[in-house]
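**Q**
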Amino acid sequence: MKKSIYVLGLAVISLASCKEEVVAPIDYAIVTGKVTNATTNQVLIASYENRKAIDTLTLAADGSFVDTIQSPKGQYALINDKNRTSIYLEEGFNINFSADAKDFAKSIAMTGTGSVENNFFKAKSEKEAKFRDGTNPYTLEEAAFKEKMASQKAAINSLLDGTEGLSEAFKTTQKNDNNYNYLVSLSNFESYHQHYAQKPDFKVSENFLAELSAIDITNEEDFSNSSSYKSLVIAHYGKIAGDKAEKDSMSYDLAMLKTIAPIESEVIRNGLLKETVFGITVTEKLDEYYNTFMAASTDEDQKETVKEYYTKLKAVEAGNLSPKFIGYENHAGGKTSLEDLKGKYVYIDVWATWCGPCLAEIPALKETEEAYHGKNIEFVSISVDRPDAYEKWKQMVVDKELGGVQLLADNNFDSDFIKDYVIQGIPKFILLDTEGNIVNANAPRPSDPKLKEVLNSLL
């Protein structure tokens, strides 16, 4: 009897063990590559949308590299020094990339699983460049522009149909994106034509944008797969937010957040909320912004980021002692610290030589400095230029005859002073009192009439 029980036990164990092996789905892509004649030994793989680095890789002596990217579906930027290209990845792709840094764009080659899709994108870029033909289509008249964009859309669709090896799902997704890209170009035409054709009063004809009325702004699949569709959705809610900001006398950033919060689709709501994360760093209503975002979002990573920003921003609210900068290089010679300016109001302009909006504020800043010359206030400009722009900074101060105290941050955007103020974009203006306390960490720009109202109330 014991022997029979033992044999039966083995059979049960054997049956329990004979399960079909479960193969885990592949949720990553592999990118191997080689960049010859590189002038730097680093390759960055970054988000195509915001250029935020995903991975920073060190090239081997022969210029080779390898990387594994989790949950990769989408477009990425592959960057080596000043050379960059886009690369498309999906789960299961195993791409081999090669290029010669001396002639980067023309030498790019891709092989392996996923190369068909990437070579399509390369051919698409070349076809789009041919349509531009070195000209700016936004200078064309309305009818000619629309015809050109429609022809480009048709050419890309033909390229998709004629490329062997592409799945039907990929073709459908790309045709949808191609159509949305066409609609984005129509949406942009009025403002772009005003600028590039130098016709500030230009308005599109009544039916020019008729095709946009058919867009379904609730399509989660297109929102996830098409950056052009996402742009159209952002523009849709942006217009509503603009009207709300004007009607309710609130900042655009807060109005946009409140416009997005009620959206039913979790995918679209969280996707749009991602675009508002940095808004918390410039809002004048910190607590309201924070509470609205946290109530609307279900993305725990985004909520954690906003929570971190909120905690840091509470430390630089009005009335708190300002973070310090110590020993910043002074264009006039020597070093300057914030403590050296104690006893005077301090209006700080954080800028860089490459920043267009920063340069646009210079005339108003110079005029403001002159208007308050001799008053108990110092105008301090802090450049966050990188070391390779050092000479450009020094020369620009001279060429533009910049006044006030001209300083260079000790570690560009990674300087402690910049990080303490959670500065994510420039220009940024900060106003301090005579004791070094914060009056406003988001002070009005020089071009804003409110600045003089504030200064007049203090001086």
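Residue 125 in full-length UniProt numbering sits at position 125 of the sequence shown, and the numbers go up by one each step.
Positions of the beta carbon are idealized from the N, C-alpha and C atoms, including for glycine.
1. Residue 415 to residue 424, Cα distance in whole Å?
2. What are the residues that DSSP puts in a beta bridge with residue 330?
3. Examine the Cβ distances between the stretch 300-319 and the stretch 387-396 and report whether three or more of them are shorter than 8 Å.
4. DSSP three-state label for residue 74, please.
5. Whole beta strand (DSSP E) runs in the stretch 123-195 with 3 or more residues, listed along the chain?
6. Does the separation of the CB atoms of residue 98 and residue 109 fall below 8 Å?
7. Under 8 Å, Cβ to Cβ, is there at least one residue of chain D near residue 235?
8. How long is the line joining the alpha carbons of residue 215 and residue 188, rounded to whole angstroms?
9. How would you call residue 38, buried or exposed, if buried means at least 16 neighbouring beta carbons within 10 angstroms?
10. With distances taken Cα to Cα, identify the nearest neighbour of residue 182 among 294, 283 and 227.
11. To which residues of the same chain is residue 224 closer than 8 Å at the C-beta, ignoring the five residues directly before and after it?
12. Can you check which of these residues, 447, 368, 400 and 342, is closest to residue 432 by C-alpha distance?
13. Where does residue 34 sit, in a helix, a strand or coil, going by DSSP?
14. So, using beta-carbon positions, are residue 277 and residue 233 closer together than 8 Å?
15. Can you name, in chain order, every residue of its own chain whose Cβ lies under 7 Å from the Cβ of residue 366, other than the five neighbours on each side?
16. Is it true that the CB of residue 349 sits closer than 8 Å to the CB of residue 429?
17. Which residue marks the beginning of the alpha helix (DSSP H) containing residue 234, and which one marks its end?
18. On the DSSP letters alone, give me the boundaries of the alpha helix (DSSP H) that residue 366 sits inside.
19. Tell me, which residues are paired with residue 112 by DSSP?
20. Give me the Cα-Cα distance between residue 279 and residue 297, rounded to the nearest whole angstrom.
21. Grab the span of the alpha helix (DSSP H) containing residue 309 for me, first residue to last.
22. Are there 16 or more other CB atoms within 10 angstroms of the CB of residue 375, so buried, or fewer, so exposed?
23. At the level of alpha carbons, what is the spacing between residue 295 and residue 218?
24. What distance in whole Å lies between the Cβ atoms of residue 222 and residue 176, which are believed to be in contact at a cut-off of 8 Å?
25. Exposed or buried, residue 70, counting other C-beta atoms within 10 Å across all chains shown (16 or more means buried)?
26. Would you decide whether residue 143 is buried or exposed? Buried here means 16 or more other CB atoms lie within 10 Å of its CB.
27. For residue 322 and residue 242, which I take to be in contact (beta-carbon distance under 8 Å), what is that distance rounded to the nearest angstrom?
28. Could you give the first and the last residue of the continuous alpha helix (DSSP H) run that contains residue 266?
29. Please give the ranges of any beta strand (DSSP E) in the stretch 330-354, keeping only runs that are unbroken, at least 3 residues long and fully inside the region.
30. Decide if residue 385 is buried, meaning its Cβ has at least 16 other Cβ atoms within 10 Å, or exposed.
31. Within the continuous alpha helix (DSSP H) that includes residue 260, where are the two ends?
32. May I ask you to report which of helix, strand or coil DSSP gives residue 28?
33. Is the number of C-beta pairs between the stretch 44-55 and the stretch 193-209 that are closer than 8 Å three or more?
34. At a cut-off of 7 Å, would you count residue 356 as near the ligand GTP, judging by its Cβ distance to the nearest heavy atom?
35. Expressed to the nearest angstrom, what Euclidean distance is found between the alpha-carbon atoms of residue 85 and residue 29?
**A** Concretely, from the data shown:
1. For the purposes of this step, residue 415 is taken as the residue at position 415 of the sequence shown. For the purposes of this step, residue 424 is taken as the residue at position 424 of the sequence shown. Computed Cα separation, rounded: 12 Å.
2. Position 330 of the sequence shown, counted from the start, is the residue given in the question as residue 330. Paired residue(s): 407.
3. With the cut-off at 8 Å, the stretch 300-319 and the stretch 387-396 do not touch.
4. Counting from 1 along the sequence shown, the entry for residue 74 is found at position 74. It is a strand residue.
5. none
6. Working through the sequence shown from its first residue, we reach residue 98 at position 98. Working through the sequence shown from its first residue, we reach residue 109 at position 109. A contact, by the Cβ cut-off of 8 Å.
7. Of the protein chains in this structure there is only one, and it is not chain D.
8. Taking the first residue of the sequence shown as 1, we reach residue 215 at position 215. Taking the first residue of the sequence shown as 1, we reach residue 188 at position 188. So the alpha carbons of these two residues sit roughly 16 Å apart.
9. The count along the sequence shown starts at 1 and reaches residue 38 at position 38. Its Cβ being crowded by 16 or more others within 10 Å, residue 38 is buried.
10. By one-based count along the sequence shown, residue 182 stands at place 182. Here the closest residue by C-alpha is 227.
11. Walking along the sequence shown from the start, residue 224 turns up at place 224. Result list for residue 224: 267 and 271, in chain order.
12. For the purposes of this step, residue 432 is taken as the residue at position 432 of the sequence shown. Taking only the C-alpha atoms, the option nearest residue 432 is 342.
13. One-based indexing of the sequence shown puts residue 34 at position 34. Residue 34 falls in the strand class under three-state DSSP.
14. Translated into the one-based positions of the sequence shown, residue 277 becomes position 277. Translated into the one-based positions of the sequence shown, residue 233 becomes position 233. Remark: C-beta atoms of residue 277 and residue 233 do not approach each other more closely than 8 Å.
15. Your numbering for residue 366 matches position 366 in the sequence shown. If we look at residue 366 and ignore the five residues flanking it on each side, its Cβ neighbours are 403.
16. To locate residue 429, count along the sequence shown from 1; it is residue 429. To locate residue 349, count along the sequence shown from 1; it is residue 349. Contact: yes.
17. Position 234 of the sequence shown holds residue 234. Start and end: 227-248.
18. Within the sequence shown, numbered from 1, the residue matching residue 366 stands at position 366. 362-371 is the span of the alpha helix (DSSP H), which, as asked, contains residue 366.
19. The count along the sequence shown starts at 1 and reaches residue 112 at position 112. Answer by DSSP bridge pairing, in chain order: 95.
20. Walking along the sequence shown from the start, residue 279 turns up at place 279. Walking along the sequence shown from the start, residue 297 turns up at place 297. Their backbone Cα atoms lie some 14 Å apart in a straight line.
21. Along the sequence shown, one-based indexing puts residue 309 at 309. Run containing residue 309: 300-314, per the alpha helix (DSSP H) assignment.
22. Along the sequence shown, read from residue 1 onward, the residue named residue 375 stands at position 375. Its Cβ having fewer than 16 others within 10 Å, residue 375 is exposed.
23. In the sequence shown, counting from the first residue as 1, residue 295 sits at position 295. In the sequence shown, counting from the first residue as 1, residue 218 sits at position 218. The alpha-carbon atoms of residue 295 and residue 218 are separated by roughly 21 Å.
24. Along the sequence shown, read from residue 1 onward, the residue named residue 176 stands at position 176. Along the sequence shown, read from residue 1 onward, the residue named residue 222 stands at position 222. At roughly 6 Å, the Cβ-Cβ gap stays under 8 Å, so residue 176 and residue 222 are in contact.
25. In the sequence shown, residue 70 corresponds to position 70, counting from 1. Exposed: under 16 other Cβ atoms inside 10 Å.
26. Mapped onto the sequence shown, residue 143 falls at position 143. Flag for residue 143 reads exposed.
27. Position 322 of the sequence shown, counted from the first residue, corresponds to residue 322. Position 242 of the sequence shown, counted from the first residue, corresponds to residue 242. With a contact defined as Cβ atoms closer than 8 Å, residue 322 and residue 242 miss out at about 33 Å.
28. For the purposes of this step, residue 266 is taken as residue 266 along the sequence shown, with counting starting at 1. Taken as a continuous stretch (DSSP letters only), the alpha helix (DSSP H) holding residue 266 covers 266-274.
29. 345-351
30. Mapped onto the sequence shown, residue 385 falls at position 385. The residue is buried, with at least 16 neighbouring Cβ atoms inside 10 Å.
31. In the sequence shown, the residue the question calls residue 260 occupies position 260. Unbroken alpha helix (DSSP H) run through residue 260: 252-260.
32. Taking the first residue of the sequence shown as position 1, residue 28 is located at position 28. DSSP places residue 28 in strand when its eight states are reduced to three.
33. no
34. No copy of the ligand GTP appears in this structure; indeed no ligand is present at all.
35. Position 85 of the sequence shown, counted from the first residue, corresponds to residue 85. Position 29 of the sequence shown, counted from the first residue, corresponds to residue 29. One C-alpha to the other measures close to 17 Å.
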